[in-house]
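Novice: What follows is a structure written as structure tokens; I'll ask about it next.
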């Protein structure tokens, strides 16, 4: 059943619409030429949008369109992802002291929980999960990508956030999604491309004109 509040809002909207139409007719506003022109322009705009959307939904986007869009963004995929932990502290001396403790046998996770100033990862033992090197600040990424699996930095790493101790847990290749898997995203991307929209609209109008001549 429809929510009573939504029903009431719908009723109020209909009443408001009817009152405006009646008042516009009484005052003769709806018969003014400039008002008629604006109404017709608005109607035409809605029809054009609906017609174009229908054209796109019924095969207006070709496989070539999808492939072109896919090829243009494929380079954004690929590369590697890194499963990484870190401990963030304010002072270099504190970071060095923690590194010494780990070399003496202390666990990275335990020290991260107790000492890291990163509220997002400290409760998880410094775990950042799988990340792209592009998602992190350059100073952090540069060092992280040189580490081997299981390796930890033997010196603190300075970034704008403070001093980091980084531990690389694993590395994997990023899977590139197939065109079919991201077809909806590709469609959205194309629909936001004004040059593509303009070309498709011209294509649609050409077909409409050709059809009109034949009929």
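In the numbering used here, the protein residues as written are 452 to 666. Glycine residues also receive a C-beta, built at the ideal position from the N, C-alpha and C atoms.
How many angstroms separate the CA atom of residue 638 from the CA atom of residue 660?
Specialist: As a first step, residue 638 must be located in the chain shown, where it is residue number 187. As a first step, residue 660 must be located in the chain shown, where it is residue number 209. C-alpha separation (whole angstroms): 26 Å.
Novice: Is there a Cβ of chain C sitting closer than 8 Å to that of residue 593, yes or no?
Specialist: Any reference to chain C falls outside this structure, which holds one protein chain only.
Novice: Suppose you measure from the CA of residue 531 to the CA of residue 566; what does that come to, to the nearest Å?
Specialist: For the purposes of this step, residue 531 is taken as residue 80 along the chain shown, with counting starting at 1. For the purposes of this step, residue 566 is taken as residue 115 along the chain shown, with counting starting at 1. Residue 531 and residue 566: Cα-Cα distance of roughly 29 Å.
Novice: Output needed for residue 652: all residues of its chain with C-beta closer than 7 Å, excluding positions within five of it in sequence on either side, in chain order.
Specialist: Residue mapping note: residue 652 aligns to position 201 of the chain shown, counting from 1. Cβ contact annotation for residue 652 (same chain, cutoff 7 Å, sequence separation greater than five): 503, in chain order.
Novice: Go to residue 516, then tell me how far its beta strand (DSSP E) extends in each direction, as first and last residue.
Specialist: For this step, residue 516 is matched to residue 65 along the chain shown. No beta strand (DSSP E) holds residue 516; the alpha helix (DSSP H) holding it covers 514-525.
Novice: In terms of residues, what are the limits of the alpha helix (DSSP H) holding residue 488?
Specialist: Position 37 of the chain shown, counted from the start, is the residue given in the question as residue 488. Unbroken alpha helix (DSSP H) run through residue 488: 484-506.
Novice: Around the Cβ of residue 562, are there at least 16 other Cβ atoms within 10 angstroms (buried) or fewer (exposed)?
Specialist: In the chain shown, residue 562 corresponds to position 111, counting from 1. The residue is buried, with at least 16 neighbouring Cβ atoms inside 10 Å.
Novice: Is the stretch 610-622 in contact with the stretch 538-548, if contact means three or more CB pairs nearer than 8 Å?
Specialist: Because the criterion of three Cβ pairs below 8 Å is met, the stretch 610-622 and the stretch 538-548 touch.
Novice: Contact check, residue 582 vs residue 535 under 8 Å by CB: the rounded distance?
Specialist: In the chain shown, residue 582 corresponds to position 131, counting from 1. In the chain shown, residue 535 corresponds to position 84, counting from 1. That belief holds up - the Cβ atoms of residue 582 and residue 535 are roughly 6 Å apart, short of 8 Å.
Novice: Taking the alpha carbon of residue 559 as the reference point, which residue from 587, 604, 507 has its own alpha carbon closest?
Specialist: Numbered from its first residue, the chain shown carries residue 559 at position 108. Nearest option by C-alpha distance: 604.
Novice: Are residue 557 and residue 607 close, meaning C-beta to C-beta below 8 Å?
Specialist: Locating residue 557 in the chain shown gives position 106, counting from the first residue. Locating residue 607 in the chain shown gives position 156, counting from the first residue. Going by C-beta atoms, residue 557 is not nearer than 8 Å to residue 607.
Novice: Can you name, in chain order, every residue of its own chain whose Cβ lies under 8 Å from the Cβ of residue 600, other than the five neighbours on each side?
Specialist: Position 149 of the chain shown holds residue 600. Excluding positions up to five away in sequence, the list reads 619, 620, 621, 622.
Novice: In chain order, which alpha helix (DSSP H) runs of at least 4 residues are fully inside the stretch 596-658?
Specialist: 634-642
Novice: Indicate the three-state DSSP secondary structure (helix, strand or coil) for residue 580 in the structure shown.
Specialist: Counted from its first residue, the chain shown places residue 580 at position 129. Strand.
Novice: Going by C-alpha to C-alpha distance, which of 663, 630, 662 sits closest to residue 516?
Specialist: Here the question's residue 516 lines up with position 65 in the chain shown. Measuring from the Cα of residue 516, the nearest candidate turns out to be 630.
Novice: Considering Cα atoms alone, identify which of 665, 655, 635 is closest to residue 521.
Specialist: Here residue 521 corresponds to residue number 70 of the chain shown, with the count starting at 1. Minimum Cα distance to residue 521 is reached at 635.
Novice: Under 8 Å, do residue 609 and residue 590 count as touching if we go by C-beta distance?
Specialist: Reading the chain shown from its first residue, position 158 is the one you call residue 609. Reading the chain shown from its first residue, position 139 is the one you call residue 590. The answer is yes: Cβ separation under 8 Å.
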